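Q:
Numbering (the numbering used here), first residue to last: 176 to 576.
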């Protein structure tokens, strides 16, 4: 609950000041009047927010450590102060101190989390964390819920690392090949160009094309860089709009090989988060919103916005999701079976695990295919450049003989 600082006049005419928790300013004034004082000024006290947030790995460790201390019998304020003293990362220390400040002001842990980290009504990691803590507080199982939530975060981190690891080597090869091409065009080709221009000998067609490309790259370097920078900012601005996100996502999901994997990964994040939230007692409509945002897919977000009021009106979740025509058939079957058997959270997490395995295996296969393709492509480009440079040299030697 937010905290308000007040200045008021008591019944004997004295000015009094203090702090009270209240839902809002009007509620705070009402509390003061009921206590027999006349409020003069009431202002909400802002808790320092942590804008330099730690990594997801560090946050996962924080949640686990806090859950472990609470499970050992530590009060929340003492647990947070102990973690703050032990923290070496400045961002983590600020985070612990911000949460401890909220607890010290009489807030619940969920209220301290919400006050520190949620803004603009957006569903973020912190909304998910708040929902988990609220569920734990309501059920009297806060420590167990925090440890379970840490497990969820660790699975996300591990899943992300496995995907990055599968694509790491092909990206390194592509970067190195690109660096070689830049080196050839920046240092080798200009030197060769000057040499053959002075010789005034006729050049083979591949060499002429190479020199034209090199000349264009040299003269048009700044316009090209400017165009790339302008395109980057346009892309970022366009991506901020929902329409832009829809178009970009449609293009990405249509990419051969990788598109379907990225789409399946989004559904896996949605199912994993949705199942975990429901398993800990989070209200279904709020869980739907958080899971949709965690999926990082505008299609899933749009579908959730359509399904949520339908669920609120009383129809089943399976039917509401089916009407959106977005979710895969296997997910709809799992939701239908889970609703009828009372095992919805369990089935959602199981299907998430199956999707994650499919994505990991698919990413590994994609990397295996991409690696030789990148080598062949870049080898062909570098070989063509080298051949275009050597051709006139061979012709020059032949002419001398």
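Each residue gets a CB set at the ideal place from its N, CA and C atoms; glycine is no exception.
The structure presented is a predicted model; accordingly, all values stated were derived computationally and were not measured.
1) Along the chain, where does the beta strand (DSSP E) that runs through residue 213 open and close?
2) Taking just the CA atoms, how far does residue 195 sit from residue 519?
3) Specify, as a first and last residue, the run of the alpha helix (DSSP H) that residue 318 falls within.
4) Quickly, what does DSSP pair residue 195 with across the bridge? List them, please.
5) How should residue 469 be labelled, buried or exposed, when 16 other C-beta atoms within 10 angstroms of its C-beta is the threshold for buried?
6) Select from 568, 556 and 567 the residue whose C-alpha is nearest the C-alpha of residue 355.
7) So what's residue 457 in DSSP terms, helix, strand or just coil?
8) Which whole runs of the beta strand (DSSP E) in the segment 496–526 are 3 residues long or more, in chain order?
9) Hey, residue 524 and residue 323 are a contact pair by Cβ (cut 8 Å); roughly how many whole angstroms apart?
10) Work out the CA separation of residue 358 and residue 568 for me, nearest whole Å.
11) For residue 265 versus residue 549, is the C-beta distance shorter than 8 Å?
12) Apart from the five residues just before and just after residue 509, which ones in its own chain have a Cβ nearer than 7 Å to its Cβ?
13) Does the beta-carbon of residue 242 have 16 or more other beta-carbons within 10 angstroms, so that it is buried, or is it exposed?
14) Look at the alpha carbon of residue 399 and the alpha carbon of residue 559, and state the distance between them as a whole number of angstroms.
15) Buried or exposed: residue 362, going by 16 or more other Cβ atoms within 10 Å of its Cβ?
16) Where does residue 302 land, buried or exposed, given buried means 16+ other C-beta within 10 angstroms?
17) Please confirm if the segment 273–283 is in contact with the segment 245–262, defined as three or more CB-CB distances below 8 Å between the two stretches.
18) Looking only at its chain, what residues have a beta carbon closer than 8 Å to the beta carbon of residue 379, apart from the 5 residues adjacent to it on each side?
19) Return helix, strand or coil for residue 469, following the three-state DSSP convention.
20) Kindly indicate the opening and closing residues of the alpha helix (DSSP H) around residue 258.
21) Hey, is the segment 430–445 in contact with the segment 470–484, meaning 3+ C-beta pairs nearer than 8 Å?
A: So, to answer that:
1) On the chain shown, residue 213 is found 38 positions in, with the first residue counted as 1. Taken as a continuous stretch (DSSP letters only), the beta strand (DSSP E) holding residue 213 covers 213–219.
2) By one-based count along the chain shown, residue 519 stands at place 344. By one-based count along the chain shown, residue 195 stands at place 20. Going by the C-alpha atoms only, they are around 42 Å apart.
3) Against the chain shown, residue 318 aligns to sequence position 143. Note, residue 318: alpha helix (DSSP H), 317–358.
4) On the chain shown, residue 195 is found 20 positions in, with the first residue counted as 1. For residue 195, which the question treats as bridged, DSSP gives the partners 179.
5) Against the chain shown, residue 469 aligns to sequence position 294. That one is buried.
6) On the chain shown, position 180 is the one that residue 355 refers to. It is 556.
7) Mapped onto the chain shown, residue 457 falls at position 282. Note: residue 457 maps to coil in three-state DSSP.
8) none
9) The sequence position of residue 524 within the chain shown is 349, counting from 1. The sequence position of residue 323 within the chain shown is 148, counting from 1. About 11 Å separates the two Cβ atoms, so there is no contact after all.
10) Numbered from its first residue, the chain shown carries residue 568 at position 393. Numbered from its first residue, the chain shown carries residue 358 at position 183. So the two alpha carbons sit approximately 20 Å from each other.
11) Residue numbering aside, residue 265 sits at position 90 when the chain shown is read from its first letter. Residue numbering aside, residue 549 sits at position 374 when the chain shown is read from its first letter. Against a cut-off of 8 Å, the Cβ pair of residue 549 and residue 265 comes out as no contact.
12) Taking the first residue of the chain shown as position 1, residue 509 is located at position 334. Within the same chain, residue 509 has close Cβ partners 522, 523 and 526.
13) On the chain shown, residue 242 is found 67 positions in, with the first residue counted as 1. With 16 or more Cβ atoms within 10 Å of its Cβ, residue 242 is classed as buried.
14) Translated into positions along the chain shown, residue 399 becomes position 224. Translated into positions along the chain shown, residue 559 becomes position 384. If you take the alpha carbons of residue 399 and residue 559, they lie about 23 Å apart.
15) Working through the chain shown from its first residue, we reach residue 362 at position 187. Per the 10 Å Cβ criterion, exposed.
16) Against the chain shown, residue 302 aligns to sequence position 127. By the 10 Å Cβ count, residue 302 comes out buried.
17) yes
18) For the purposes of this step, residue 379 is taken as the residue at position 204 of the chain shown. Cβ within range, chain order: 563, 566, 567 and 570.
19) Within the chain shown, residue 469 is the residue found at index 294, counting from 1. If DSSP states are grouped into helix, strand and coil, residue 469 belongs with the helices.
20) For the purposes of this step, residue 258 is taken as residue 83 along the chain shown, with counting starting at 1. Per DSSP, residue 258 belongs to the alpha helix (DSSP H) from 251–261.
21) yes
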